[in-house]
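As C-alpha cells, the structure follows; a few thoughts come after it.
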Amino acid sequence: MNALRLLLKPLLLVLVVLASLGFLSQPALAFCGFYVAKADTSLYNQASQVIIARDGQRTVLTMANDYQGNVKDFALVVPVPVVLKKEQVNVGDRRIIERLDAFSAPRLVEYFDPNPCEVNSFGGLRGNMPMPAASVAQENKADRARSLGVTIEEKFSVGEYDILILSAKESNGLETWLRENNYRIPNGANRVLQPYIKQGLKFFVAKVNLKEFDRQGFQALRPLMMAYESPRFMLPIRLGMVNAKGPQELFIYLLSPKGTTEVTNYRTVKIPSDPELPEFVQQEFNGFYKAMFKTAYQQSGRNVVFLEYAWNMANCDPCSADPLSPEELKQAGVFWDSGNNRWGGSNVFITRLHLRYTPDKFPADLSFQETNDQSLFQGRYVLRHPYRGEASCDAARSYRQTTRQRQETEAQTLAHLTGWQLADIRQRIEFLNSSESSKPWWRKLWP
Numbered sequence: 091m092n093a094l095r096l097l098l099k100p101l102l103l104v105l106v107v108l109a110s111l112g113f114l115s116q117p118a119l120a121f122c123g124f125y126v127a128k129a130d131t132s133l134y135n136q137a138s139q140v141i142i143a144r145d146g147q148r149t150v151l152t153m154a155n156d157y158q159g160n161v162k163d164f165a166l167v168v169p170v171p172v173v174l175k176k177e178q179v180n181v182g183d184r185r186i187i188e189r190l191d192a193f194s195a196p197r198l199v200e201y202f203d204p205n206p207c208e209v210n211s212f213g214g215l216r217g218n219m220p221m222p223a224a225s226v227a228q229e230n231k232a233d234r235a236r237s238l239g240v241t242i243e244e245k246f247s248v249g250e251y252d253i254l255i256l257s258a259k260e261s262n263g264l265e266t267w268l269r270e271n272n273y274r275i276p277n278g279a280n281r282v283l284q285p286y287i288k289q290g291l292k293f294f295v296a297k298v299n300l301k302e303f304d305r306q307g308f309q310a311l312r313p314l315m316m317a318y319e320s321p322r323f324m325l326p327i328r329l330g331m332v333n334a335k336g337p338q339e340l341f342i343y344l345l346s347p348k349g350t351t352e353v354t355n356y357r358t359v360k361i362p363s364d365p366e367l368p369e370f371v372q373q374e375f376n377g378f379y380k381a382m383f384k385t386a387y388q389q390s391g392r393n394v395v396f397l398e399y400a401w402n403m404a405n406c407d408p409c410s411a412d413p414l415s416p417e418e419l420k421q422a423g424v425f426w427d428s429g430n431n432r433w434g435g436s437n438v439f440i441t442r443l444h445l446r447y448t449p450d451k452f453p454a455d456l457s458f459q460e461t462n463d464q465s466l467f468q469g470r471y472v473l474r475h476p477y478r479g480e481a482s483c484d485a486a487r488s489y490r491q492t493t494r495q496r497q498e499t500e501a502q503t504l505a506h507l508t509g510w511q512l513a514d515i516r517q518r519i520e521f522l523n524s525s526e527s528s529k530p531w532w533r534k535l536w537p
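First residue of the sequence shown? That's 91 in this note's numbering, and the numbers climb one at a time after it.
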C-alpha cells in the first residue's frame, strides 16, 4: 500500500509533464498595495508541479519529483511523443520551480485608510528496479523484451538518473515487462496504457543511479527536463489517476512568447480575485486560501481547471517575488529571446493553472493551445485597515458609519468564499467604534 501511495506523486507529475510536452466606499480594484503574504504550493501535501515552455512545436518540459521515499525505490514511467536522445534530457534546479511558484502565487495585499479629517475625496510508476543479477545475460533480457513486444529504443544516464526509452506493441506485454523488472504496477494500469500505445507514444523510464546520487551528496532528487519537437500539446494525466487515493493538486506553469496558454478540452475558471476581507485573515492567509479554493472547487462542478495567474514576466503588480532573470528563465526552459531588460521576461508570458482531480474526474488528458491574449489576471486578496486615530470632524462621522458597513460586508464575503460561519467571523473582527473616536481627547480620560 505504501508503495502504491508513494507512486502517485512522481507518476502524476511525470505523466502530466511529458506528453505536452464618496470616500473609501469604492472597492479597491486597482493593483499595487503592500504585499503581505502568498499562497504557494507548500499549502498542499499532495502537490505536483510542471513547467512547460513552448513556442510552436518546440517544447521544454520540467518536472519536479515530489518523492519522499527511499531513492532506491524511485522510478518514473511516462508516455512521451518521441524517442528522446541523451542530449534532449537534462537535470534542472528545483529552485527555479520554487521561483516560478513564488512569482505567480495568489497574494494578499493591504491598504491603510488615511485620517478622514485630512482628506477631501478619493476616488513513475514508483517501483523498485534493481540492477540485474550478473548471471542473467543481457541478450536474454533483450530477447525476453522482444517476445513481449517491448523495444528498448534508447538507454543512457543523465546526472543521478538512469533512463530508458521504451516502445511497446500492446499493453499486456509492457505491463509484463515492467512487472518482471520489479516495477510495482497498480491494478488497472493495463487498460490505461493501451490508449497511449495505440497513439504511438513511447515510454520514458527513469530510476536513480545510487552510486552517482551518493557520490554527489544530493539530499533530494532534482527535477528532470526534456526538450523535443511535436505537434502534440497535451498532458497525459489518466495513468496517474489509476492509484490515486484522494484529491491531488497539480500546478502547471506554462511559458509562452505570445500570451495566455488555454486548456481546450475542459472549462477554465478564474479563481475568485480582488475581494476585500477582514483584517484577521492576515494571520491565517494559508487557511483562508485552502478553504476558498475548496469552496470554489466544490461549486464549480466536474472537470474544471482554475486560472490563478496570467502575466508578462517582465513585471508584477504587486510582486510576491522578483521577476525571474534572463538566466533563470533559460533554466526554466525558455529557449527564445526573453528580452533585454533588467529582469528579462518581456517576451515571456506565464499562465499558472491549478487542477484538483480524483479518479472519477477528467476522463481525457489535458490539451492546450497557445494564444496571443495578454490580458492580465492574478489571484489577489485585499485588506483595508480602518483609521483608528483621533478624528472629530464631520467627515469622520460619515467615515465611521461607512467603515462599519464595509466591515460587515467583508465578513459576509469571507463567509461566502470559505463556508466559514458568519457569527464566528464577526466575533473575530475589531469593528470600528461608531462614536469613541469622535470624543475630544480629554473626554477619554474620565468616564
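For glycine and all other residues, C-beta sits at the position ideal for the given N, C-alpha and C.
Under the 10 Å beta carbon count, His444 is surrounded by 16 or more other beta carbons and is classified as buried. Looking at the backbone, the Cα of Glu250 and that of Tyr157 are separated by about 15 Å. With distances taken between CA atoms, Ile242 lies nearest to Lys175 out of Lys175, Ala422, Leu133, Glu319. For Cys483, the number of other beta carbons within 10 angstroms of its own is below 16, and it is reported as exposed.
Bridge partners of Met315 according to DSSP: Thr152, Asn180.
For Tyr201, the closest of Met315, Ala235, Ala505, Tyr477 by C-alpha to C-alpha distance is Tyr477.
Taking the CA atoms as reference points, Lys162 sits about 35 Å from Lys384. Asn393 is positioned such that its CB atom lies no closer than 8 Å to that of Gly435.
A contact is defined here as three or more CB-CB pairs under 8 Å, and the stretch 402-418 fails this definition with respect to the stretch 139-153.
Of the residues Phe370, Gly509, Val438, Ser247, the one whose Cα lies closest to the Cα of Leu314 is Ser247. Residue state for Met324 is assigned as strand, using DSSP reduced to three classes.
Just so you know, the alpha carbons of Thr492 and Phe521 end up roughly 12 Å apart. Excluding five sequence positions before and after Glu369, the CB atoms of its chain that fall closer than 8 Å to its own CB belong to Leu473, His475, Ile519, Glu520, given in chain order. For the 8 Å CB-CB criterion, Arg357 and Tyr399 do not form a contact. Under the three-pair Cβ rule at 8 Å, the stretch 172-191 counts as touching the stretch 407-425.
As for any beta strand (DSSP E) of minimum length 3 sitting wholly inside the stretch 235-293, the runs are 240-248, 251-258, ordered along the chain. Per DSSP, the unbroken alpha helix (DSSP H) holding Gln517 starts and ends at 512-517.
If you check the CB distance, Val240 and Gly263 come in under 8 Å. Nearest neighbour of Val173 by Cα position, chosen from Leu344, Met316, Ile327, Leu238, turns out to be Met316. Per the coordinates, the alpha-carbon of Arg144 lies some 55 Å from the alpha-carbon of Asn523. Buried is the label assigned to Lys292, since at least 16 other Cβ atoms lie within 10 Å of its Cβ. Tyr125 and Phe458 have their C-alpha atoms roughly 32 Å apart. With fewer than 16 neighbouring CB atoms inside 10 Å of its own CB, Asp412 falls in the exposed class.
Close CB contacts of Gln502 within its chain, under the 7 Å cut and outside five residues either way in sequence, are with Leu512 (chain order). Burial of Gly123 is indicated by the presence of at least 16 other C-beta atoms within 10 angstroms of its C-beta.
Look at Pro206 here: in three-state DSSP terms it is helix. Within the stretch 449-520, the complete alpha helix (DSSP H) segments at least 4 residues long are 484-508, 512-517, listed from N- to C-terminus.
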